[in-house]
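Colleague: Counting from 1 along the sequence shown, just add 22 to a position and that's the residue number in this note's numbering. Yeah, the Cβ is synthetic: ideal placement off N, Cα and C, and Gly gets one too. In this text the structure is predicted, and so the values were computed from the model without any measurement. One structure is given below, represented as structure tokens, and several questions about it will come after.
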Amino acid sequence: LTTRALNYPGPIWVDEVPTYVRPYAIQHYSAGGCVVGQQIYHFPVTGQSSDYAFTLMSTNTPGSDSLGVLPHTHQLYYESMFGFRGRFQLWAENDGDQETRILTQGDYGAIPQNVTHTFQFLDPDTEMVGVVQPGGFDSNLSFSTSSPYDPLVSANSSSPNASKNSSLQKFDVYAELDFSPRTDAINGAAPMNSTWRTGLNTLPSDAYTPYFVAKDYGPKYLSTECGYQVIQPFITPTASGGNFTLSTITMDQLSSNVTRFTRHAAFEVLEGQLTILMGGEVLSLLQGDYYSLVAYTKVLLISQGAEGLDTKLIASATSWNSPVWPAS
């Protein structure tokens, strides 16, 4: 999904994620993946399809009384978790300080390298979107499970066992078997003095602190380039060490807005319809000259490096106090 692929002559819509770098669009749930217990993983952006810039994945599962994974850390991967549907609880511990949040649609959690974390799915129909940087975690997970996704296959176990998890260090998964998830969350958060839907959530000034952002409680910026766009950053260049950015962009109906990316980028539509014009072909979920055919569209944008579309829009935007644009 880089400028070198903008002139790709083939069809853009695909049924399978490409194994090489090219522009493409794929429908929700069409991407391949794997099964871990009752958890179904899809990988709409893989290491191979992004030149190992990042992996975009979704996890669908029913609720469970057990943890979704054993507590663990990553030394290479920076993991981001975004609530798409339902609820899940996320724990993160860094330097002995453990926090937890119950996340629902639009909430976000950041897990930098060397942070102990785990999660538990709570609702009968839960979907979590994950962004892992750099790319390639998808192949690690698929190889370690040896279970390609088959919608006709069901499984009973929701969590891999400790002996298997301890063997996954070659995949950058380091089990933390002594970790004890705290159980004292009140109103979806712990410790007691946590700010969670009671005030604004700020982003860290370093790349190693885990943090959480509730929907519409983080920083917001209003851009007026070619219509209105409200940008809500979750990962800034500072928070990722310059490796990637992650934001939601909410836009009204736009005229053409020429945007050319120099590095890899991916969109996932959260609300409304995003339409992108590229090389004379109109399609969704891609980069290039884009505009919206409906009055309200919200997308999740992942960009490689420190100069993604979100960063560029924020540079010329003003700080804003609402998740929507002004009425006039």
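Does the distance from the C-beta atom of tyrosine 239 to that of leucine 225 stay below 7 angstroms?
Modeller: Start at 1 with the first residue of the sequence shown, and residue 239 comes out as number 217. Start at 1 with the first residue of the sequence shown, and residue 225 comes out as number 203. No, Cβ-Cβ distance for tyrosine 239 and leucine 225 is not below 7 angstroms.
Colleague: On the DSSP bridge list, what partners appear for isoleucine 253?
Modeller: Counting from one through the sequence shown, the residue named residue 253 turns up at place 231. Answer is Tyr243 and Ile271, bridged to isoleucine 253.
Colleague: In terms of alpha-carbon separation, which member of Met79, Ser269, Gly263 and Gly152 lies closest to lysine 320?
Modeller: As a first step, residue 320 is located in the sequence shown; it is residue number 298 there, counting from the start. When each option's Cα is compared against that of lysine 320, the closest is Ser269.
Colleague: What is the rounded straight-line gap between the Cα of serine 180 and the Cα of proline 232?
Modeller: Against the sequence shown, residue 180 aligns to sequence position 158. Against the sequence shown, residue 232 aligns to sequence position 210. Below a pLDDT of 50, predicted positions are generally treated as unreliable, and serine 180, at 46, falls in that range; the measurement from the model is reported next regardless. Approximately 25 angstroms, taken between the alpha carbons.
Colleague: Which residue from Tyr100, Ala349 and Asp147 puts its Cα closest to that of serine 86?
Modeller: Within the sequence shown, numbered from 1, the residue matching residue 86 stands at position 64. If we check each option's Cα against that of serine 86, Asp147 comes out closest.
Colleague: Since valine 195 contacts serine 80 with CB under 8 angstroms, what's their CB separation in whole angstroms?
Modeller: Numbered from 1 along the sequence shown, position 173 holds the residue referred to as residue 195. Numbered from 1 along the sequence shown, position 58 holds the residue referred to as residue 80. Contact doesn't hold; Cβ gap of about 19 angstroms is too wide.
Colleague: Looking at the secondary structure, which residues open and close the beta strand (DSSP E) in which alanine 337 lies?
Modeller: In the sequence shown, counting from the first residue as 1, residue 337 sits at position 315. It is not in any beta strand (DSSP E) - alanine 337 instead sits in the alpha helix (DSSP H) that spans 331-337.
Colleague: Tell me the DSSP secondary structure of valine 346 in three-state form.
Modeller: The residue you call residue 346 lines up with position 324 of the sequence shown. In the structure shown, valine 346 sits in coil (DSSP, three-state: anything other than H, G, I, E or B).
Colleague: Between the Cα of threonine 77 and the Cα atoms of Trp347, Pro348 and Val153, which residue gives the shortest distance?
Modeller: Residue mapping note: residue 77 aligns to position 55 of the sequence shown, counting from 1. Considering only alpha carbons, the answer is Val153.
Colleague: Leaving out five residues before and five after proline 156 in sequence, what residues of the same chain have Cβ atoms less than 6 angstroms from its Cβ?
Modeller: Start at 1 with the first residue of the sequence shown, and residue 156 comes out as number 134. Closer than 6 angstroms at Cβ, skipping near neighbours: Tyr74.
Colleague: Just grab the DSSP bridge partners of serine 71 for me.
Modeller: The count along the sequence shown starts at 1 and reaches residue 71 at position 49. Per DSSP, none; premise fails for serine 71.
Colleague: Could you tell me how far apart the beta carbons of alanine 261 and alanine 132 are, in whole angstroms, since I believe they sit closer than 8 angstroms?
Modeller: Along the sequence shown, read from residue 1 onward, the residue named residue 261 stands at position 239. Along the sequence shown, read from residue 1 onward, the residue named residue 132 stands at position 110. Contact flag correct, Cβ pair sits at about 7 angstroms.
Colleague: So, helix, strand or coil for asparagine 162, using DSSP?
Modeller: Taking the first residue of the sequence shown as 1, we reach residue 162 at position 140. Three-state result, asparagine 162: helix.
Colleague: List in chain order: all unbroken beta strand (DSSP E) runs of 3+ residues lying wholly within the segment 107-165.
Modeller: You should have 110-116, 119-125, 130-133, 138-143 and 148-155.
Colleague: May I have the straight-line CA-CA distance separating glutamate 121 from alanine 236, to the nearest angstrom?
Modeller: If you number the sequence shown from 1, residue 121 lands on position 99. If you number the sequence shown from 1, residue 236 lands on position 214. Straight-line Cα distance between these residues: approximately 14 angstroms.
Colleague: Buried or exposed for proline 213, please, with buried defined as at least 16 other CB atoms from any protein chain shown within 10 angstroms of its CB.
Modeller: Counting from one through the sequence shown, the residue named residue 213 turns up at place 191. Classification of proline 213: exposed, given that the 10 Å Cβ count is below 16.
Colleague: Taking only the alpha-carbon atoms, compute the straight-line gap between valine 43 and glycine 69 and give it to the nearest angstrom.
Modeller: Here residue 43 is taken as the residue at index 21 of the sequence shown, counted from 1. Here residue 69 is taken as the residue at index 47 of the sequence shown, counted from 1. Each residue's Cα considered, the two are about 9 angstroms apart.
Colleague: Can you list, in chain order, the residues of its chain whose CB lies under 7 angstroms from that of aspartate 332, leaving out five sequence neighbours each side?
Modeller: Position 310 of the sequence shown holds residue 332. Result list for aspartate 332: Ile253, Pro255, Thr267, Ser269, Ile271, Leu323 and Ser325, in chain order.
Colleague: If contacts are defined as beta-carbon pairs under 8 angstroms, then threonine 138 and glutamate 101 qualify, I think. What distance do you get, rounded to the angstrom?
Modeller: Here residue 138 refers to the residue found at position 116 when the sequence shown is read from its first residue. Here residue 101 refers to the residue found at position 79 when the sequence shown is read from its first residue. Contact doesn't hold; Cβ gap of about 12 angstroms is too wide.
Colleague: How many angstroms separate the CA atom of alanine 337 from the CA atom of aspartate 228?
Modeller: Sequence index remark: in the sequence shown, residue 337 carries index 315 (1-based). Sequence index remark: in the sequence shown, residue 228 carries index 206 (1-based). Approximately 20 angstroms, taken between the alpha carbons.
Colleague: Please name the residue, chosen from Arg109, Gln97, Leu98 and Tyr99, that lies closest to glycine 90 on a Cα-to-Cα basis.
Modeller: Residue numbering aside, residue 90 sits at position 68 when the sequence shown is read from its first letter. Comparing Cα positions, the closest option is Arg109.
Colleague: Look up tryptophan 35 in the DSSP assignment and give the residues it is bridged to.
Modeller: In the sequence shown, the residue the question calls residue 35 occupies position 13. BP columns for tryptophan 35 point to Ala47.
Colleague: Quick check on the burial criterion: 16 or more other C-beta atoms within 10 angstroms. Buried or exposed for serine 72?
Modeller: As a first step, residue 72 must be located in the sequence shown, where it is residue number 50. Looking at its Cβ environment, which holds 16 or more other Cβ atoms inside 10 Å, serine 72 is buried.
Colleague: For valine 175, which residues in the same chain have their Cβ closer than 7 angstroms to its Cβ, ignoring the five residues on either side in sequence?
Modeller: The residue you call residue 175 lines up with position 153 of the sequence shown. The predicted model places valine 175 with a pLDDT of 38, which falls under 50 and marks its position as unreliable; any figure quoted below should be read in that light. Counting only Cβ-Cβ distances below 7 angstroms, and skipping sequence neighbours, we find Val57.
Colleague: Using the beta-carbon count (16 or more within 10 Å), is glutamine 251 buried or exposed?
Modeller: As a first step, residue 251 is located in the sequence shown; it is residue number 229 there, counting from the start. So glutamine 251 ends up on the buried side.
Colleague: Please classify arginine 123 as buried or exposed, where buried requires at least 16 neighbouring CB atoms within 10 angstroms.
Modeller: Numbered from 1 along the sequence shown, position 101 holds the residue referred to as residue 123. Buried, by the Cβ-count rule.
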